[in-house]
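As numbered in the working numbering, the sequence shown has no gaps in its residue numbers, which increase by one up to the final residue, 242.
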Amino acid sequence: MKKKGCLKWIAYISGFMLIALIVSYFAFNEKEPIGQDSPEAKAMAEKMLKAVNKPAWDSLQYIAWTFPGGNKYIWDKKRHFVQVKWDDKEVLLNPNEISGIAKKGGTVVTDPEADKLVKKAWSIFCNDSFWLNAPVKAFDPGTDRSIVEIDGKKGLKVSYSSGGVTPGDSYVWFLNEDGLPTSYKMWVKIIPVGGMEFTWEGWKEMSGGAMISSSHQSRGPTLELTDIKAGQSYTDFGFETDPFEGL
């Protein structure tokens, strides 16, 4: 009887959660706005890149950060190599080739486990690096830009037809008078509710002038990026030799 009662309560809770998800979907889901390509969209995107100082970002050799949940990164931007750490895993990743060297508990592992860890590292890097500095990706290959209006506010819509883990995602950026992003709304495959809005705040100026937003708040979770540090050499991060020598 106790087991049946427990299963009954589990069924009730599961049903309640399903109903809550359905209610949330209809309460907060927004239809993706259709924009029109125009010179204004290009100008708005360029203003955003100027505000975050994309040339300074491009000139950075290395940047490190920790993503909520404990994913840790050191990114050699010039060679596009990344050290990715989570739990007891470490991957020296070449994102261009989705290849690398994987370790578990400090020991190098081989396929098929190594292949799984490399693909996992690539997937979380794609996501977490986008949250680090998505504005600079407004003109990436496979992007389209347009102007939309939501609740009386003009926004810059950037859609990605290729690249990353989930091509087809779209983001609508809202900017302040200087062009610095204040928030964006998302229409992405991994989130069933369209139009979820996250702030872009907690701006930090890196060495050289690149601007990085460290805090993203929403109705639900708040994403805080920590341990953000920029440098021009691996020695700036405590390494005596090249950490990517094996790639």
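The C-beta atom is built at its ideal place from N, Cα and C for all residues, glycine as well. All of these numbers come straight from a predicted model, not from anything done at the bench.
Burial state of residue i, where buried means 16 or more other Cβ atoms lie within 10 Å
i: K73; result: exposed
i: H75; result: exposed
i: I29; result: exposed
i: G174; result: buried
i: E235; result: exposed
i: F62; result: buried
i: S202; result: exposed
i: K152; result: buried
i: S208; result: buried
i: S124; result: buried
i: K264; result: Past the edges of the chain, shown from -4 to 242, lies residue 264, and the structure says nothing about it.
i: P176; result: buried
Cα-Cα separation, residue i to residue j
i: W117; j: Y229; result: 21 Å
i: N128; j: L112; result: 24 Å
i: V182; j: D106; result: For the sequence presented, residue 182 should be read as Trp rather than Val. Each residue's Cα considered, the two are about 35 Å apart.
i: N91; j: E25; result: 34 Å
i: S157; j: T138; result: 8 Å
i: G252; j: A109; result: For the chain, the structure presents residues -4 to 242; residue 252 sits outside this window and is missing.
i: F193; j: A46; result: 19 Å
i: V188; j: K149; result: 21 Å
i: A205; j: N48; result: 5 Å
i: E27; j: M191; result: 11 Å
i: I186; j: L220; result: 20 Å
i: W70; j: E240; result: 14 Å
Closest Cα partner of residue i within the set the options
i: T31; options: A129, E144 and S94; result: One point to set straight first is that residue 31 is Gln, not Thr, in the sequence displayed. It is E144 whose Cα lies nearest to the Cα of Q31.
i: A40; options: W198, K180, E240 and L170; result: L170
i: V104; options: I93, K84, E92 and S209; result: K84
i: I142; options: S124, S165 and N122; result: S165
i: W198; options: M191, E192, H211 and G189; result: H211
i: K115; options: D82, F134 and W126; result: D82
i: F134; options: I186, G189 and K37; result: K37
i: E172; options: S154, K42 and G241; result: K42
Supposed close pair residue i, residue j - CB separation, criterion 8 Å
i: Q78; j: G226; result: That belief does not hold up - the Cβ atoms of Q78 and G226 are roughly 13 Å apart, past 8 Å.
i: W44; j: P136; result: Looking at the sequence itself, residue 44 is Leu, so the reference to Trp does not match. Rounded, the Cβ-Cβ distance is 16 Å, inconsistent with contact.
i: D222; j: A51; result: That pair is no contact at about 20 Å.
i: L87; j: I96; result: 5 Å
i: N89; j: L218; result: About 26 Å; that fails the 8 Å criterion.
i: W195; j: S178; result: 6 Å
- prompt: Does the stretch 64 to 72 touch the stretch 100 to 108, meaning 3 or more C-beta pairs lie closer than 8 Å?
  reply: As far as the Cβ criterion goes, the stretch 100 to 108 does not touch the stretch 64 to 72, which means the pair count is below three.
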